[in-house]
Structure formats: C-alpha cells, structure tokens
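Undergrad:
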Amino acid sequence: MRAFAILVVLLLTPLAAAVSDLSIYSEAKYSSQDEAPILVEWFHGADDENKVEELAKMDRDGEITLLHWRTGADEEGGGLPDDDANSRLMYHSFEQTPAVAIDGYPENISDIKSEIKQNEVEIDWTIQLIGSSEVELLNITATWTNPETLNGATQLHIFIIETNAIDSKGREVPNLVRDWAPSSSFLFSNNTTNEWNETISRDHLVGAGIDIGDASFADKYEVILVMTGGFEGDNSNRVLSIQRSKMPTYWQSVDQGSILTPAVLLLLLVACIGFVVVAEKKREKGLPRLEGSWSSEDGAIEYRLITGYSLDIGELTMKDGWRANGRIKKQTISANTTQEGKLRVTGSGDFSMSLAVKVDQLGDWVLDLNLPEKLSND
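One gets the numbering used here by counting positions in the sequence shown from 1 and adding 19 to each.
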C-alpha cells in the first residue's frame, strides 16, 4: 500500500506541476488615471525619520506621490540601493540632504503641500510578470496618443518602489525607490499613437533587490510611470502624467481556467493519498497476528492468535517436513481477542507452518509462523 501511495505521488505531481506552469504568472491592465497627486522626491539625510513618516502618511492618504531616494545608503550600511539615488541627486544638483524635488524641480522642504493635478496625457498600460518556476521577466507596455506634439525633452520614467522596505538593520523605509529607468523611445508627433514597451530581466531586478519569486507577494512592489517634459512651444517642462499601481500577484490575476485544472488534479492526488492512508490504517488495525514459541515440553509449540477484526480460522498447513499431531480448531474468533493454544508437532530443523484465515472486511489471508530449530537441552 505504501508503495502504491508513493507511485501515485510520483505520477500525478509532475502532471499537476506541468499544467500549472504558466508563461504569464500574473497580468494586470490599467486604464489611464484622469488625475494624480503631485510627485514628491525625497532624498534621505540625517535625522529625517519624522519628516519621512509625515510624507508616507500623505502618500497613503493620496495627497502626494512619494518617491523615497535612499541617498548615502552605502555609507550608513543596511544593504539598500543608492546608485540611482545618488545619480538623481546629482541631476537635481543638490549639495546636501535631506532634500526634496516636487514635480521635477528642487523645492524647500517646508513647501511640500497636498495637490492633485490633471494628467495631460492619457496612458493605458499593462504589467506582465512572466516566467516558468519563478518570474524571469517584468514586461510593461503603455499606449497613449499625443494630444499635441511633444517637445524633445519629454521622457517616460519607470520607478519601481518597495512600499514598506526594511533594511538589514531593521530600519523601515517607506516607498523606497528600488529601480529607475527613463525612456524617450517613442514618437513625439501630434496625434500619434505610441505603443511603448519596456522589459526588465530577473537578473536586473535581483541586482536592485527586487525579489518577485513566483509573484505570490508581488504586490509589495509598485510601478509608477511618470511622463515629464512638455508640448512644442511650451516655456517650461513639467509632469504630464503619473500612472501608479501595485504589481499584480499570481492569485489576483491568473486565468481561472489555469487554476482549475491543476486544482482538480491536486484534489485527485489528495483523494488518492487519503484513500491509501485510510486503507493502510484499516489494514494495520484489522489484520491478525500469529505468534509462537517452543514449549518447554518436547515436540510442542505454544501459539497466540491475536485478532484485529473478527476472523474465521481455516486450514492449517505444515511445511518443510513437519507434521502436526492435531490442529487449530476451525471457528470464528471475535475482534480484538487473543487466543492461545498448544500444538504438538514432529519434524526436524527450522519449524514452519501456515494458517489460513478469513478476516472481516479484509478477506482471505495466510498467517505464517516460523521458528528456528529447537536446541537440545543435552
């Protein structure tokens, strides 16, 4: 029975795994947000914990879109990324931290206020997490039509943030920017529809400290698309559009049909294993045991028949040249009973006999009793 259980597991488990091996772990499609809170980029500095906590609350309340750049992370330890943070710091020409930029421009820390702005470019977008045994690719596609001709400074920035990061020293870092990539690989002409795409490999994600695994908890990360720039003839650049969402998890977005088939197979597997376990327990509980030993009397053995379920005693068979001067009475013995007796036998060498029984619920069985040759007392 145990061998059968192992065989069932070996046969069904690869099948269930193969069916559930999706090419797209999770996918989510988003329609363009009409408006979004202003973009606040916070550059970490000494003793900024209270201010960061305040900004994180504003972000949760939908008053700002917070990007937390962990500048100086390498010097203070903790294992958080700071390459992109330091690059962004240089872009804004900040000479000290903490510092803040609002909608792409350096501002005074005291000037951070809640504000919601209309998105001037409507961007519909999709996130796909693609892989086999785990996520290997993050694929982001975006579609928009230019309402006017975009100027040459326009870029689409991808920010991947960890909503609640914790470094190796146990410090909590809200909205930590894990990865950032600007792109200008799109068409700028008026009324042109752009089909934009960015694919990020697992190696790149892991290097940024982004561990998506099998996408079960991918929603600990968020993707923020920010289009900055302006239209032809504008005097200044600005944020044209902000789109933001958590990464989709496997359980939120996987096709229900793809869940159903492996689920059914797994249920069958569990049912088969359950059947085997129940049958095994029933057999162990119900099967009788035949035990015995040489008696102190010459030419006699003492036997014990211990029942599980009730049974009917059948034929007694002697083996290997042995003969019995009597028999074990054919009768019905009730469950959970021990019947003892003595049997006179003649023969030489190792002793062996078999007793046929019919066990309630378990059918016909043969019980063997084997004893080594009785040593002489001489």
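Even for Gly, the Cβ is constructed at its ideal location relative to N, Cα and C.
Being a predicted model, the structure only gives us computed values, none of them experimental.
#1: Check whether the Cβ atoms of asparagine 138 and serine 260 sit closer than 8 Å, and answer yes or no.
#2: Using 8 Å as the threshold, is the region 161-174 in touch with the region 204-221, meaning 3 or more CB pairs across them?
#3: Could you tell me which residues DSSP puts in a beta bridge with glutamate 191?
#4: Comparing C-alpha positions only, which one of Val378, Val258 and Pro391 sits nearest to isoleucine 135?
#5: Does the beta-carbon of isoleucine 398 have 16 or more other beta-carbons within 10 angstroms, so that it is buried, or is it exposed?
#6: Is it right to say valine 71 is buried, meaning 16 or more other beta carbons lie within 10 angstroms of its own, or is it exposed?
#7: What does the alpha-carbon distance come out to for the pair lysine 349 and glutamine 358?
#8: Give the range of the alpha helix (DSSP H) segment to which glutamate 316 is assigned.
#9: Between the region 214-234 and the region 109-117, can you find at least three pairs of beta-carbon atoms closer than 8 Å?
#10: Where does the unbroken beta strand (DSSP E) through glycine 226 begin, and where does it stop?
#11: In this structure, what does DSSP give as the bridge partners for threonine 164?
#12: In three-state terms, what does DSSP make of isoleucine 292?
#13: Taking just the CA atoms, how far does aspartate 222 sit from glycine 150?
#14: Can the beta-carbon of alanine 65 be found closer than 8 Å to that of valine 154?
#15: Going by DSSP, name the residue or residues bridged to glutamine 389.
#16: Quick one: grab the DSSP three-state call for valine 140.
#17: Can you name the start and end residues of the alpha helix (DSSP H) that lysine 70 belongs to?
#18: So, helix, strand or coil for isoleucine 347, using DSSP?
#19: Express the C-alpha separation of leucine 330 and threonine 351 in angstroms, rounding to a whole number.
#20: What does DSSP give as the partner residues of glutamate 54 in its beta bridges?
#21: In whole angstroms, what separates the C-alpha of arginine 107 from that of tryptophan 61?
#22: Compare the C-beta of valine 378 with all C-beta atoms of chain B and state if any pair is closer than 8 Å.
#23: Just verifying my parser: in three-state terms, what is the DSSP assignment at tyrosine 328?
#24: Hey, out of Ile292, Pro100 and Ala319, whose CA is closest to arginine 363's CA?
#25: So, for glycine 345: in the same chain, excluding its five sequence neighbours on each side, which residues have a beta-carbon less than 8 Å away from its beta-carbon?
#26: Going by DSSP, name the residue or residues bridged to proline 125.
TA: Concretely, from the data shown:
#1: At the C-beta level, asparagine 138 and serine 260 come within 8 Å of one another.
#2: yes
#3: Ile185
#4: Val258
#5: As shown, the chain starts at 20 and ends at 397. That puts residue 398 outside it, with no answer to give.
#6: Classification for valine 71: buried.
#7: 13 Å
#8: It is not in any alpha helix (DSSP H) - glutamate 316 carries neither H nor E in the DSSP assignment.
#9: no
#10: Per DSSP, glycine 226 belongs to no beta strand (DSSP E); it is in the alpha helix (DSSP H), 221-226.
#11: Thr212
#12: helix
#13: 13 Å
#14: no
#15: The residue asked about is misnamed: residue 389 is asparagine in this sequence, not glutamine. DSSP lists Ser371 as partners of asparagine 389.
#16: coil
#17: 68-79
#18: coil
#19: 6 Å
#20: DSSP lists Gln137 as the bridge partner or partners of glutamate 54.
#21: 11 Å
#22: Here chain B cannot be found, since the structure has a single protein chain.
#23: coil
#24: Ala319
#25: Hits under 8 Å: Leu362 and Arg363.
#26: Ala120
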